[in-house]
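Numbering (this note's numbering), first residue to last: 1052 to 1468.
For each residue, glycine too, the CB sits at the ideal point set by N, CA and C.
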């Protein structure tokens, strides 16, 4: 790497990356701190492990920056295949941790293949979608692209890890950028809306409501535009009704009992502040007690009292809220938002679509993690085991997202070549 190449690196994004990881290590240490705590750099505590995994990730940075962009494109099929094999292997050799069989455990180290499957899936999607033979507006190509996403999702769902599977849907963001019909997005919103309503209402009652709503809309359009075609309305209505009657099967088959309980607490179907809703309740108390500027580092009473389970992983944002307050929490959100927008902005300057598609896929998955994780701690989403990248404790997650960030840096620095 020469000076000219180094000067083209996105140093501002690199600075934000270091700030996020450093801030994460500090908060992991705080969330697991006690009067008997050892050094923050010691492998005997989660913060120390996170620090050394970060050092390992930095060790692979020169290699990622050195290789040609075509290396990732030409080997994306191989990387994706290895990921699928590793996910299949979990069904036979996986270690069950926190209700999900998502880990290989060797000695004292654990490895989660689904995290690296995000990287390889994003690369293969970028390879296929950037191909001159692929047309995002053709049904067969759309089916092919979604199949690439759905294969790892299906294998991860079999591990009872629906949360990790959901993250792959962030790649659809790249599809929309490359010209996927917006009707797919509308369909996704409608499906999610019907899914939630069906959990709150009986399918038969919801069907009657849908018929009434669609009839009113259709009557109104007919009065304004007499030549309105009724076929699309009937197709959407019938599909919605069929989907509403299948929600119960989907809900009870794909999601584990622990996930179903959390959905029910969030939707108000069940009230259980001491059971499955305990995490959310204590997390909201911790965040709310932080006030404007927080209680100070290592001074969080909820954090020190151990009232929030899994606080150094899924609920790390509650530590931020309690000890750093509204100012600290808002600053963290601003850093994340700026990083994502900057990556998208710079990816638009690429003359080739492969690096742009990968960058959009990376940001899409990062956004899903960011939105759902913070939403979980605020009680807006059910707890589904999605960490906050660069902040939450989790070596495989840190390595995977660091790898995607480094690949972005490579693409960005080489876009003028």
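C-alpha distance - residue i paired with residue j, whole-angstrom precision
| i | j | result |
| --- | --- | --- |
| residue 1274 | residue 1424 | 46 Å |
| residue 1297 | residue 1142 | 27 Å |
| residue 1252 | residue 1268 | 22 Å |
| residue 1266 | residue 1215 | 39 Å |
| residue 1400 | residue 1218 | 26 Å |
| residue 1046 | residue 1462 | As displayed, the chain neither begins before 1052 nor continues past 1468, which places residue 1046 out of reach and without an answer. |
| residue 1247 | residue 1291 | 13 Å |
| residue 1470 | residue 1193 | The structure shown does not extend to residue 1470, since the chain is modelled only from 1052 through 1468, so no value can be given for it. |
| residue 1106 | residue 1161 | 17 Å |
| residue 1242 | residue 1236 | 10 Å |
| residue 1348 | residue 1130 | 42 Å |
| residue 1256 | residue 1153 | 38 Å |
| residue 1433 | residue 1211 | 15 Å |
| residue 1415 | residue 1220 | 8 Å |
| residue 1056 | residue 1146 | 43 Å |
| residue 1308 | residue 1301 | 13 Å |
| residue 1074 | residue 1083 | 14 Å |
| residue 1240 | residue 1293 | 16 Å |
| residue 1224 | residue 1411 | 7 Å |
| residue 1136 | residue 1446 | 21 Å |
| residue 1185 | residue 1213 | 30 Å |
| residue 1095 | residue 1089 | 8 Å |
| residue 1151 | residue 1209 | 9 Å |
| residue 1387 | residue 1262 | 42 Å |
| residue 1287 | residue 1258 | 12 Å |
| residue 1071 | residue 1281 | 52 Å |
| residue 1132 | residue 1087 | 45 Å |
| residue 1354 | residue 1081 | 8 Å |
Own chain partners of residue i with C-beta closer than 7 Å, once the 5 adjacent residues on each side are dropped
| i | result |
| --- | --- |
| residue 1379 | 1345 and 1371 |
| residue 1120 | 1406, 1461, 1462 and 1465 |
| residue 1156 | 1146 |
| residue 1440 | 1417, 1420, 1448 and 1452 |
| residue 1426 | 1432 |
| residue 1138 | 1164, 1165, 1168, 1203, 1206 and 1207 |
| residue 1339 | none |
| residue 1376 | 1341, 1342, 1343, 1344 and 1345 |
Supposed contact pair residue j and residue i - C-beta distance, whole angstroms, cut 8 Å
| i | j | result |
| --- | --- | --- |
| residue 1222 | residue 1200 | 6 Å |
| residue 1458 | residue 1115 | 6 Å |
| residue 1060 | residue 1464 | 5 Å |
| residue 1364 | residue 1271 | Going by Cβ atoms, the distance from residue 1364 to residue 1271 rounds to 50 Å, so no, they are not a contact pair. |
| residue 1361 | residue 1337 | With 8 Å as the limit, residue 1361 and residue 1337 do not qualify as a contact, their Cβ atoms being about 13 Å apart. |
| residue 1196 | residue 1226 | 7 Å |
| residue 1079 | residue 1110 | 20 Å between Cβ atoms; not a contact. |
| residue 1058 | residue 1393 | Not a contact, Cβ separation roughly 17 Å. |
Coarse secondary structure for residue i, derived from DSSP in three states
| i | result |
| --- | --- |
| residue 1118 | coil |
| residue 1058 | helix |
| residue 1157 | strand |
| residue 1172 | helix |
| residue 1184 | coil |
| residue 1210 | coil |
| residue 1152 | strand |
| residue 1276 | coil |
| residue 1355 | helix |
| residue 1100 | helix |
| residue 1308 | helix |
| residue 1346 | coil |
| residue 1362 | coil |
| residue 1048 | Lying before the first or after the last residue shown, residue 1048 is absent from the chain, which here runs from 1052 to 1468. |
| residue 1335 | helix |
| residue 1234 | helix |
| residue 1189 | coil |
| residue 1147 | strand |
| residue 1229 | coil |
| residue 1195 | helix |
| residue 1461 | helix |
| residue 1373 | helix |
| residue 1341 | coil |
| residue 1095 | coil |
| residue 1111 | coil |
| residue 1086 | coil |
Own chain residues within Cβ distance below 8 Å of residue i, not counting five before or after
| i | result |
| --- | --- |
| residue 1451 | 1166, 1167, 1169 and 1170 |
| residue 1299 | 1249 and 1254 |
| residue 1305 | 1208 and 1213 |
| residue 1093 | 1099 |
| residue 1102 | 1076, 1091 and 1092 |
Own chain residues within Cβ distance below 6 Å of residue i, not counting five before or after
| i | result |
| --- | --- |
| residue 1428 | 1334, 1366, 1368 and 1369 |
| residue 1178 | 1124 and 1127 |
Cβ-heavy atom distance, residue i to the ligand FMN, below 8 Å
| i | result |
| --- | --- |
| residue 1116 | Ligands are entirely absent from the displayed structure, and the ligand FMN is therefore not among its contents. |
Residue i at chain C interface by Cβ criterion, 9 Å
| i | result |
| --- | --- |
| residue 1223 | Structure shown: chain C not included; a single protein chain is present. |
*Starting from the N-terminal side, write out each stretch of the alpha helix (DSSP H) that is 4 residues or longer and does not extend beyond the region 1396–1455.*
1404–1428
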